[in-house]
Amino acid sequence: MHRETPLFDHHFGDRLLSSDEVVVDSATRKEPQVDTRLSGPRMLVGPLLLLVAVAGLWSGLVRQPLWHTDLWGHLAYGRWMVEHDGQTPSNEPFLPHATGEALVDTARWSQLIGFRIMSAGGGEALQLLYATLVTGCALLAVMPVLASRRGRRIPSAVCGAAIFLAVGWQQLQIIRPQLAGLACFTLLSALMHDPRPSRRRVILVGIVLGLWANLHGSFVIGWLLVVLHVIGRVIDCRHRTGRWRSDRQLAHRFRQAIVGLLVPLVATPYGVTLPWSAWQIGQHPNLADIVEWQPLAWGQIQARAMLAAVILILALALASRRRIRTPAWLMLATTGVATLVCSRWINWWAPMAGSVVAFQASGLGHQVRTASTFSTRQKGQLAGCGVIVATLAIISSPAARGLLTHRDTLVARRPLVSASTPVEATAWLVSHPPRGMVLAAYEWGDFLIWQGPPQIQLMVASHTHLIPESVWRDYIEVIGVSRDWPQRLERQQVHTLVLDRHRQAGLIAALANHPLWKKNYSDDLAEVWSRKQ
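Here this note's numbering = 1-based position in the sequence shown + 42.
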């Protein structure tokens with residue numbers, strides 16, 4: 043039996059990155075060392091600047107408005123579960139056309155937690171949660187570099203975190219269960235970075251994947267991560283020694299993979315059917331009309347950011363003395379190819395790219411530079427500064443101050459929500475409840491479920507995989523103002539339309555020229571039309 047190793051061993055970072063023998067898995071190589079020990083307060087400059095940067099990032103994120111799309115649908119699911127004593131809905135409870143479809147709620151814990159947080163603190167509490175999650179993901183993505191004693195670890199980590207945020211921003215700006223999945227992914231990646239055999243790390247891998255399976259259906263990305271660590275270790279062993287059967291680290295990776303693969307199958311009410319259900323959701327034909335499920339296009343900002351990151355990674359690979367492990371390259375390549383096919387995958391490529399950039403940047407230069415360890419007094423000073431900076435960031439944020447005001451926590455209001463949220467049109471609908479089927483812009487359906495009339499009958503919302511294909515196709519053709527759009531509205535028995543004045547301007551113009559429709563409400567963002575009696 044091997045001796046149990048601690049979960050977080052700060053000396054391991056010294057041995058891994060700062061000794062005269064640099065360990066890369068089981069291989070070692072000699073590197074020249076330069077001791078860059080700083081005296082007195084100069085040692086604290088880098089960590090203090092990092093604290094300020096983290097606080098600045100958090101302060102910027104906490105001011106982000108809540109997005110107008112699927113956040114509100116997930117909160118509505120959480121509200122439904124609370125109203126039904128914690129039960130998970132077995133069928134779609136909000137869309138009349140989807141009531142016959144069995145519902146596999148892969149985000150049930152995220153929905154419950156989100157609703158509980160909003161009930162307790164309103165939209166301000168969600169903003170605080172959002173900022174903390176994104177900041178935490180950025181730190182976890184580069185944590186192995188920050189935990190090392192490389193002399194350039196702080197600027198390297200900042201560079202890696204910046205790449206992660208820049209490439210993944212289109213996905214990161216929306217608070218939704220996928221963000222909980224990303225937090226689990228970055229945490230799992232940080233845990234898997236340490237190759238030393240440890241029973242505790244095996245258990246933690248199982249815990250993280252068990253939580254992930256209840257928070258979001260993307261837990262299968264975690265499966266990919268642990269499996270690629272096994273494959274990468276096999277490749278490394280075959281390349282270096284030609285033998286892999288008796289390798290202790292490979293046996294450890296196998297144990298992590300087995301536990302990580304099995305735990306999600308028993309951690310949810312859906313059992314072994316959960317992976318298949320999650321895969322089916324992603325393959326539904328309705329999703330082909332949604333941009334984030336389409337192939338990555340050059341016209342997208344995130345595509346250009348990804349290309350810039352790839353160029354930087356290749357340049358650093360040529361210049362850096364640091365060798366990236368095979369599993370990291372495999373994960374980067376796999377998620378990169380998947381992103382080209384489905385742009386939503388950039389959510390998982392971005393943290394891997396940030397991590398690789400941070401590692402490579404920390405190995406730049408002709409000599410390996412090491413940083414000094416902090417004394418007990420210096421650690422106390424850093425902790426005190428951290429508390430002060432965090433306190434200032436919190437009390438200066440509008441969200442934190444908003445928690446102290448008396449308000450209805452379950453009502454979304456400006457300026458907490460994005461400019462594209464139809465707050466005023468929704469309030470008008472509450473005072474003038476529509477009759478019959480309502481065709482609302484797909485992006486607004488979830489907000490209308492959350493804050494609209496209690497019995498509103500929506501044609502579509504964000505859970506498009508539960509909507510019959512014929513209904514979804516009619517919606518797409520109506521929004522696109524096809525020739526037979528009036529007949530399609532008649533077939534779906536639509537009596538009311540809630541439209542974005544900018545995105546659906548063509549349909550609004552067609553309605554204005556049609557004798558059977560009249561405009562009931564209009565503001566700078568939205569219009570409401572109804573069928574004439």
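Yeah, the Cβ is synthetic: ideal placement off N, Cα and C, and Gly gets one too. This one's a predicted model, so the numbers in the text were calculated from it and none came from an experiment.
Is DSSP giving Val94 helix, strand or coil here?
Along the sequence shown, one-based indexing puts residue 94 at 52. Val94: helix per DSSP, three-state reduction.
Check for me: the beta strand (DSSP E) holding Asn555 runs from which residue to which?
Within the sequence shown, the letter at position 513 stands for residue 555. Run containing Asn555: none; DSSP gives neither H nor E here.
Looking at C-alpha atoms only, which residue of Ile550, Val146 and Val94 is the closest neighbour of Gly313?
Within the sequence shown, numbered from 1, the residue matching residue 313 stands at position 271. Out of Ile550, Val146 and Val94, Val146 has the C-alpha closest to the C-alpha of Gly313.
Just the C-alpha distance for Gln322 and Arg295, rounded to the nearest angstrom, thanks.
Translated into the one-based positions of the sequence shown, residue 322 becomes position 280. Translated into the one-based positions of the sequence shown, residue 295 becomes position 253. Rounded to the nearest whole angstrom, the C-alpha separation of Gln322 and Arg295 is 29 Å.
Can you have a look at Asp526 and say buried or exposed, based on whether 16 or more other CB atoms are within 10 angstroms of its CB?
Indexing the sequence shown from 1 puts residue 526 at position 484. The residue is exposed, with fewer than 16 neighbouring Cβ atoms inside 10 Å.
Taking the CB atoms as reference points, tell me whether Ser362 and Val187 lie closer together than 9 Å.
Counting from 1 along the sequence shown, the entry for residue 362 is found at position 320. Counting from 1 along the sequence shown, the entry for residue 187 is found at position 145. No. Outside cutoff.
Short CB-CB distance (under 9 Å) between Gly324 and chain B
Protein chains in the displayed structure number just one, and chain B is not present.
Report the start-end ranges of each beta strand (DSSP E) in the segment 125 to 151 that is 3 residues or longer and not cut off at the edges.
none
Based on the DSSP output, what are the partners of Arg419 in its beta bridges?
Here residue 419 is taken as the residue at index 377 of the sequence shown, counted from 1. The partner list for Arg419 (beta bridge, DSSP) is empty, contrary to what the question assumes.
Classification of Ser132 by the beta-carbon crowding that lies within 10 angstroms, buried from 16 upward:
Residue mapping note: residue 132 aligns to position 90 of the sequence shown, counting from 1. When all chains shown are included, Ser132 counts as exposed.
So, using beta-carbon positions, are Trp40 and Ala173 closer together than 9 Å?
It is not possible to answer for residue 40, since the shown part of the chain is limited to 43 through 575.
Let me know if Asn555 comes out buried or exposed under the rule of 16 or more other beta-carbons within 10 Å of its beta-carbon.
Sequence index remark: in the sequence shown, residue 555 carries index 513 (1-based). With fewer than 16 Cβ atoms within 10 Å of its Cβ, Asn555 is classed as exposed.
Under the DSSP definition of a beta bridge, which residues are partnered with Ala568?
Translated into the one-based positions of the sequence shown, residue 568 becomes position 526. Looking at the DSSP assignment, Ala568 forms a beta bridge with Asp542.
Looking at the unbroken beta strand (DSSP E) that takes in Leu481, where does it start and where does it end?
What you label residue 481 is simply residue 439 of the sequence shown in a count that begins at 1. Where Leu481 is concerned, the enclosing beta strand (DSSP E) stretches over Met479 to Ala482.
For the alpha helix (DSSP H) that His507 lies in, which residues bound it at each end?
In the sequence shown, residue 507 corresponds to position 465, counting from 1. It is not in any alpha helix (DSSP H) - His507 carries neither H nor E in the DSSP assignment.
Taking just the CA atoms, how far does Gly248 sit from Ile388?
Counting from 1 along the sequence shown, the entry for residue 388 is found at position 346. Counting from 1 along the sequence shown, the entry for residue 248 is found at position 206. When rounded, the distance between both Cα atoms is 25 Å.
Just the C-alpha distance for Ala330 and Thr111, rounded to the nearest angstrom, thanks.
Here residue 330 refers to the residue found at position 288 of the sequence shown. Here residue 111 refers to the residue found at position 69 of the sequence shown. Roughly 18 Å separates the two Cα atoms.
Report the three-state DSSP secondary structure of Tyr15 (helix, strand or coil).
This structure gives no information on residue 15, because the portion of the chain shown stretches from 43 to 575.
Specify, as a first and last residue, the run of the alpha helix (DSSP H) that His235 falls within.
Translated into positions along the sequence shown, residue 235 becomes position 193. Pro219 to His235 is the span of the alpha helix (DSSP H), which, as asked, contains His235.
Between the CA atoms of Gln575 and Cys214 - distance to the nearest angstrom:
On the sequence shown, position 172 is the one that residue 214 refers to. On the sequence shown, position 533 is the one that residue 575 refers to. Per the sequence shown, the amino acid found at residue 214 is Leu instead of Cys. Near 45 Å, if we compare the C-alpha coordinates of Gln575 and Leu214.
Determine which residues share a DSSP beta bridge with Leu500 and list them.
The residue given as residue 500 occupies position 458 in the sequence shown. Note: Leu500 sits in a beta bridge opposite Val480.
Rounded distance between the beta-carbons of Arg364 and Gly405, thought under 8 Å:
Along the sequence shown, one-based indexing puts residue 405 at 363. Along the sequence shown, one-based indexing puts residue 364 at 322. The pair is a contact, with the Cβ atoms about 3 Å apart (cut-off 8 Å).
Under three-state DSSP, which class holds Val459?
Position 417 of the sequence shown, counted from the first residue, corresponds to residue 459. DSSP places Val459 in strand when its eight states are reduced to three.
Using a Cβ-Cβ cut-off of 7 Å (strictly less than) and excluding sequence neighbours within five positions of Ala320, which residues of its own chain qualify?
Taking the sequence shown and counting its residues from 1, one reaches residue 320 at position 278. Same-chain partners within the cutoff: Thr148, Gly259 and Val262.
Hey, how far is the Cα of Arg392 from the Cα of Leu257?
Translated into positions along the sequence shown, residue 392 becomes position 350. Translated into positions along the sequence shown, residue 257 becomes position 215. One detail in the question is off: residue 392 reads as Ala in this sequence, not Arg. Rounded to whole angstroms, Ala392 to Leu257 spans 20 Å at the Cα level.
Along the chain, where does the alpha helix (DSSP H) that runs through Arg334 open and close?
Counted from its first residue, the sequence shown places residue 334 at position 292. The question names Arg, but residue 334 in the sequence shown is Glu. Glu334 -> no alpha helix (DSSP H), and no H or E assigned at all.
Is DSSP giving Val64 helix, strand or coil here?
Mapped onto the sequence shown, residue 64 falls at position 22. Here the model assigns Val64 a pLDDT of 36, short of 50, so the residue's position is not dependable and the matter cannot be decided.
Could you tell me the alpha carbon to alpha carbon distance between Val379 and Met348, rounded to whole angstroms?
By 1-based counting over the sequence shown, the position of residue 379 is 337. By 1-based counting over the sequence shown, the position of residue 348 is 306. C-alpha separation (whole angstroms): 12 Å.
Are the beta-carbon atoms belonging to Gln499 and Val480 less than 9 Å from one another?
The residue you call residue 499 lines up with position 457 of the sequence shown. The residue you call residue 480 lines up with position 438 of the sequence shown. Taking 9 Å as the Cβ cut-off, Gln499 and Val480 qualify as a contacting pair.
DSSP puts Leu108 in a beta bridge; with which residues?
Locating residue 108 in the sequence shown gives position 66, where the first residue counts as 1. Residue pairing by DSSP places Leu108 opposite Val459 in a beta bridge.
Opposite Leu573 in the DSSP bridges: which residues?
The sequence position of residue 573 within the sequence shown is 531, counting from 1. The question names Leu, but residue 573 in the sequence shown is Arg. Its beta-bridge partners are Trp559.
To the nearest angstrom, report how far apart Gly274 and Pro239 are at their CA atoms.
Numbered from its first residue, the sequence shown carries residue 274 at position 232. Numbered from its first residue, the sequence shown carries residue 239 at position 197. For Gly274 and Pro239, the gap between their C-alpha atoms comes out near 16 Å.
Where Val536 sits in the DSSP three-state scheme
Against the sequence shown, residue 536 aligns to sequence position 494. Looking at Val536 - three-state DSSP - the assignment turns out to be strand.
Terminal residues of the alpha helix (DSSP H) in which Ala359 lies:
For the purposes of this step, residue 359 is taken as residue 317 along the sequence shown, with counting starting at 1. Residues Ile343 to Ala361.
Which one of Gly428, Trp371, Trp151 and Ala350 has the shortest CA to CA distance from Asp278?
Stepping through the sequence shown from its first residue, residue 278 is reached at position 236. The shortest C-alpha separation from Asp278 is found at Trp371.
For Leu541 versus Ala461, is the C-beta distance shorter than 9 Å?
Within the sequence shown, the letter at position 499 stands for residue 541. Within the sequence shown, the letter at position 419 stands for residue 461. No.
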